[in-house]
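**Student:** The listed protein sequences correspond, in order, to chains A and B.
Here our numbering is used: position 224 in the first sequence is 224, and no number is missing along the way.
Here our numbering is used: position 186 in the second sequence is 186, and no number is missing along the way.
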Amino acid sequence: MQSGNETAAQLATPKASPGVSRHAILLQGDSRYRFRKAFSGIMAAAVAACTVFGVTILWIILGYVLVRGLPALDLAFFTERPMPYGEVGGGVAPAILGSLYLIAVACVIGLPLAVLAAIYLSEYSHGRFGDAVRFVIDLLAGLPSIVVGVFVWTLIVINTGSFSGLAGAVALAIIMIPIVARTVEAILNLVPNSMREASLALGVPMWKTILRVVLPAAKSGIITGVVLAMARAGGETAPLLMTTLGNSFFNFDLMQPMAALPVQIYNYAVAPYADWHTKAWGSALVLIALIGALSLLTRWAVRGQKLGES
Amino acid sequence: MQQSAPVRGSSRIRLDVDAAGRGDRIFEGATKAGAIAILALLAIIILLLLFESRNIFGHQGIGQFLFTTTWDPVFREFGVFAFIYGTVISSVIGLLLATPVAVGAAIYIVEYAPRWLRSPVSFTVELLAAIPSIIYGLWAVFILGPVMRFHIEPFLQTWFGPIPIVGNLFEGTPIGRDILTAGVILAIMILPTIMAISREVIMQVPDTQRDGMHALGATKWEMIQGAVIPYARAGIAGAAILGLARALGETMAVTMVIGNASTSITGSLFEPGYTMASAIANQFREADSQVYLSAIIAIALVLLVIAMIVNILARILIYSLVGKQSNSSRIG
Chain A
1 MQSGNETAAQ LATPKASPGV SRHAILLQGD SRYRFRKAFS GIMAAAVAAC TVFGVTILWI
61 ILGYVLVRGL PALDLAFFTE RPMPYGEVGG GVAPAILGSL YLIAVACVIG LPLAVLAAIY
121 LSEYSHGRFG DAVRFVIDLL AGLPSIVVGV FVWTLIVINT GSFSGLAGAV ALAIIMIPIV
181 ARTVEAILNL VPNSMREASL ALGVPMWKTI LRVVLPAAKS GIITGVVLAM ARAGGETAPL
241 LMTTLGNSFF NFDLMQPMAA LPVQIYNYAV APYADWHTKA WGSALVLIAL IGALSLLTRW
301 AVRGQKLGES
Chain B
1 MQQSAPVRGS SRIRLDVDAA GRGDRIFEGA TKAGAIAILA LLAIIILLLL FESRNIFGHQ
61 GIGQFLFTTT WDPVFREFGV FAFIYGTVIS SVIGLLLATP VAVGAAIYIV EYAPRWLRSP
121 VSFTVELLAA IPSIIYGLWA VFILGPVMRF HIEPFLQTWF GPIPIVGNLF EGTPIGRDIL
181 TAGVILAIMI LPTIMAISRE VIMQVPDTQR DGMHALGATK WEMIQGAVIP YARAGIAGAA
241 ILGLARALGE TMAVTMVIGN ASTSITGSLF EPGYTMASAI ANQFREADSQ VYLSAIIAIA
301 LVLLVIAMIV NILARILIYS LVGKQSNSSR IG
């Protein structure tokens, strides 16, 4: 900041010929002043261009997924299982169902843990233990997903001797836990303390206050956090590749390899067949639509609700 | 939370409503168990990876593992230095390309954009962060790769190839599946991360700083350069490092375009490379011996350690600026 002020002072006091006041220089359109104005304008244009680039690249990517993916979509794409190369038709139904199933199981495994920890951090913890837990949550959130994949692969796949849906769900749960814990804690912190005090003053014990007053007040925020985590988990590929492996058949046995949409996209994309590439784009479109639908659904479910109203 | 603590801990309530006190203890115990479980989770991840990678360190020692480039599973030689090199170089390219654009966009959104434009633009850029990495990979393989191969890489080679030293970066045949392409797709992927955090940080710059510069007669850009950027510098650096952390661990998109071929270090960006993450993703199914298996797990361990160090560094920088303010929104 100090250096900034110095810079400003230097710039604002151009080395002018003696006798001419600074005002005169600034107002009479001295060439240095014009240069400064022009430079400022150029930089404004430059940062605007950066923004345009960021927005454009998104639409380019989404545009490609839409244009290349749409031709792949037909009824069979949503109802049939993938066909071996050479056979016409086939779809990604097992992958769609598998993804949803894996996310659901991951929620069952991960959510209770994450929400409990968030409640603890927001309502009970003060001091160093809480800070340690927050720090670890941040570290977990920063873990590369492939590391989570290797962990679960080592823990479950190698030990049980087979890739399985369960292993995939555990990996997704580990990825979801820090996201949910962080957002839920932040939301609970926003619930006004007066609500807790009012409840406690009526003689309601703390645990009931949390369950009946604090959590309902934060409901919409909690749902948003959970869906955010589900959307993130739904797009994860690397850890699933190492744990559920993928499957061309319908399978709902958690101890067997299971299909998942991101893994299906990968398998289609790395294969050398043009037809499969089209299917990869189609699957990508379905995946984006699923993630988009998830977030829209939540926005709709929690519409009009602000924090503090329930 | 400090305000509610005395109420909960008050002995009178405990005595009057004994059952409720028990309920409280059980509930607090349950939530604390959740918190402890999260601590345990990280500990288990680290310990298991350490334990399972013991074979490789017993096999050839940690130095040979980290600092040699021969990765030859057939002859049981496992040196990961080329993977570390590929990871670092592709991530640094991503960082160098993404940071100026991301910070520029953040500056535009905070300092220039009309109010009605701010949230749609931030929202759109943040949507980029929601796109799964497999879709970036798909796009990179079929769209970005060919563009790099037929347009950008020949262009770079023509213009920078003849220059000594710099030219070495652009040697070889452009194939579109190399370290440079991986760096470009990483740049696109970490753009929203860096932008979102830079925007937060720049918004924390007090208006008095801006007013002071304006009062001194600074132009708008001089104001940004002299007041906003110096004030937000640490936070922006933190944002960039967090972007770097994301790039280092990125797997699918990179695996699909980096080539996964060569383990020699030539210095050219047109060389197909390997990153630690892509090596794991490509080879975990081929592990046919205990040593190979633990070598792959050890790569994950190295990646974990690097990711942790980079994350901690980033958070220290960001919290030094933003953390205080956002903590003040906490109750109590």
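Note that CB positions come from ideal geometry on N, CA and C, so glycine has one too.
The alpha helix (DSSP H) that contains B/Met148, what's its start and end?
**Tutor:** Careful: B/Met148 lies outside any alpha helix (DSSP H) and carries neither H nor E.
**Student:** Would you mind stating whether B/Leu317 and A/Ala269 have Cβ atoms separated by less than 8 angstroms?
**Tutor:** No, the Cβ-Cβ distance between B/Leu317 and A/Ala269 is not below 8 angstroms.
**Student:** Grab me the residues of B/Ile56's own chain with a C-beta within less than 7 angstroms of its C-beta, minus the 5 sequence neighbours each way, in chain order.
**Tutor:** Here the set comprises Phe65, Phe78, Val291, Ser294, Ala295 and Ala298.
**Student:** For B/Val205 and B/Gly226, what's the separation of their Cα atoms in angstroms?
**Tutor:** Whole-angstrom Cα-Cα distance: 12 angstroms.
**Student:** Just how far apart, CA to CA, sit B/Ile26 and A/Val115?
**Tutor:** Whole-angstrom Cα-Cα distance: 16 angstroms.
**Student:** Report the start-end ranges of each alpha helix (DSSP H) in the segment 118-184 of chain B that is 4 residues or longer and not cut off at the edges.
**Tutor:** Entirely contained in the segment 118-184 of chain B, the alpha helix (DSSP H) runs reaching 4 residues are, in chain order, 133-139 and 153-160.
**Student:** How many angstroms separate the CA atom of A/Ser31 from the CA atom of B/Tyr85?
**Tutor:** Roughly 49 angstroms between the two C-alpha positions.
**Student:** CB-CB under 7 angstroms to A/Pro262, same chain, minus the five flanking residues each way: which ones, in chain order?
**Tutor:** Here the set comprises Gly235, Glu236, Thr237, Leu240 and Leu287.
**Student:** Determine, using beta carbons only, whether A/Trp281 comes closer than 8 angstroms to chain B.
**Tutor:** Yes, because at least one Cβ of chain B sits closer than 8 angstroms to the Cβ of A/Trp281.
**Student:** Whole angstroms is fine: what's the gap from B/Ile152's alpha carbon to A/Ser295's?
**Tutor:** When rounded, the distance between both Cα atoms is 36 angstroms.
**Student:** Using only the alpha-carbon positions, how far apart do B/Ala82 and A/Leu70 sit?
**Tutor:** About 40 angstroms.
**Student:** Taking DSSP as the reference, what is the three-state secondary structure of B/Glu77?
**Tutor:** Here B/Glu77 sits in strand by DSSP.
**Student:** Does the Cβ of A/Ile291 have 16 or more other Cβ atoms within 10 Å, making it buried, or fewer, making it exposed?
**Tutor:** Its Cβ being crowded by 16 or more others within 10 Å, A/Ile291 is buried.
**Student:** For A/Tyr124, I'd like the list of residues in its chain whose CB is within less than 7 angstroms of its CB, leaving aside the five on either flank, ordered along the chain.
**Tutor:** Answer for A/Tyr124: no residue qualifies.
**Student:** State the Cα-Cα distance for the pair B/Ile46 and B/Ile185, rounded to the nearest angstrom.
**Tutor:** Near 29 angstroms, if we compare the C-alpha coordinates of B/Ile185 and B/Ile46.
**Student:** Hey, would you say A/Thr243 sits closer than 8 angstroms to A/Val157, going by beta carbons?
**Tutor:** In this structure, A/Val157 lies closer than 8 angstroms to A/Thr243 by Cβ.
**Student:** If you reduce the DSSP assignment to three classes, tell me which class A/Asp253 lands in.
**Tutor:** In this structure, A/Asp253 counts as coil in the three-state DSSP scheme.
**Student:** Where A/Ala173 and B/Arg210 are concerned, what is the direct C-alpha to C-alpha distance, given to the nearest angstrom?
**Tutor:** Near 45 angstroms, if we compare the C-alpha coordinates of B/Arg210 and A/Ala173.
**Student:** So, is A/Leu75 buried or exposed, given that buried needs 16 or more other C-beta atoms within 10 angstroms?
**Tutor:** Per the 10 Å Cβ criterion, exposed.
**Student:** Check whether the Cβ of B/Leu293 lies closer than 7 angstroms to any heavy atom of the ligand SAM, and answer yes or no.
**Tutor:** As far as ligands go, the structure on display features none, and thus does not contain the ligand SAM.
**Student:** A/Met43: buried (16+ other C-beta within 10 angstroms of its C-beta) or exposed?
**Tutor:** With 16 or more other Cβ atoms within 10 Å, it is buried.
**Student:** If B/Ala334 sits next to B/Gly249, beta carbons under 8 angstroms apart, how far is it from one beta carbon to the other, in whole angstroms?
**Tutor:** Past the boundaries of the shown model lies residue 334 of chain B; chain B is included only from 1 to 332, so the question cannot be answered.
**Student:** Kindly provide the ranges of any alpha helix (DSSP H) runs that are 4 or more residues long and lie completely inside the segment 181-253 of chain B, ordered along the chain.
**Tutor:** DSSP runs (the alpha helix (DSSP H)) wholly in the segment 181-253 of chain B: 207-215, 220-223 and 229-249.
**Student:** With a threshold of 6 angstroms on Cβ separation, who are the neighbours of B/Leu313 within its own chain once the five nearest residues in sequence on each side are excluded?
**Tutor:** So the qualifying residues of the chain are Ile241.
**Student:** How close, in whole Å, do the beta carbons of A/Leu113 and B/Ile165 come, if the pair is a contact with beta carbons under 8 angstroms?
**Tutor:** Not quite, the Cβ-Cβ distance comes to about 53 angstroms (not below 8 angstroms), so this is no contact.
**Student:** Here's a check: name, in chain order, each residue in its chain whose Cβ is nearer than 8 angstroms to the Cβ of A/Leu254, leaving out the five neighbours to either side.
**Tutor:** Counting only Cβ-Cβ distances below 8 angstroms, and skipping sequence neighbours, we find Val105, Ser164, Gly165, Leu166 and Ala169.
**Student:** Measuring alpha carbon to alpha carbon, tell me which of B/Leu304, B/Trp221, B/Thr251 and B/Met252 ends up nearest A/Phe35.
**Tutor:** Measuring from the Cα of A/Phe35, the nearest candidate turns out to be B/Trp221.
**Student:** Please list the terminal residues of the continuous alpha helix (DSSP H) segment that includes B/Ala279.
**Tutor:** It spans Met276 to Gln283 - the alpha helix (DSSP H) in which B/Ala279 sits, taken as one unbroken run.
**Student:** Indicate whether at least one CB of chain B lies closer than 8 angstroms to the CB of A/Arg299.
**Tutor:** Closer than 8 angstroms: no.
**Student:** Give me the subset of the segment 100-116 of chain B whose CB atoms are less than 9 angstroms from a CB atom of chain A, sorted by chain position.
**Tutor:** Here the close residues are Pro100, Val101, Ala102, Val103, Gly104, Ala105, Ala106, Ile107, Tyr108, Ile109, Glu111, Tyr112 and Ala113.
**Student:** Does the segment 243-252 of chain A touch the segment 91-99 of chain A, meaning 3 or more C-beta pairs lie closer than 8 angstroms?
**Tutor:** The segment 91-99 of chain A vs the segment 243-252 of chain A: in contact.
**Student:** Hey, does B/Ala130 have any beta-carbon neighbour from chain A nearer than 8 angstroms?
**Tutor:** Chain A, which has a Cβ nearer than 8 angstroms to the Cβ of B/Ala130, makes this yes.
**Student:** From B/Asp288 to B/His59, what distance separates their C-alpha atoms?
**Tutor:** Answer to the nearest angstrom: the Cα atoms are 15 angstroms apart.
**Student:** With A/Val226 and A/Leu143 assumed to form a contact (beta carbons below 8 angstroms), what rounded beta-carbon distance in angstroms separates them?
**Tutor:** Between A/Leu143 and A/Val226 the Cβ distance is about 20 angstroms, and since that is not below 8 angstroms, they are no contact.
**Student:** Going by CA-CA distance only, name the one from B/Thr158, B/Ala232 and B/Leu269 that's closest to B/Ile202.
**Tutor:** Cα-wise, what sits closest to B/Ile202 is B/Ala232.
**Student:** Which of the three DSSP states, helix, strand or coil, is assigned to A/Leu97?
**Tutor:** It is helical.
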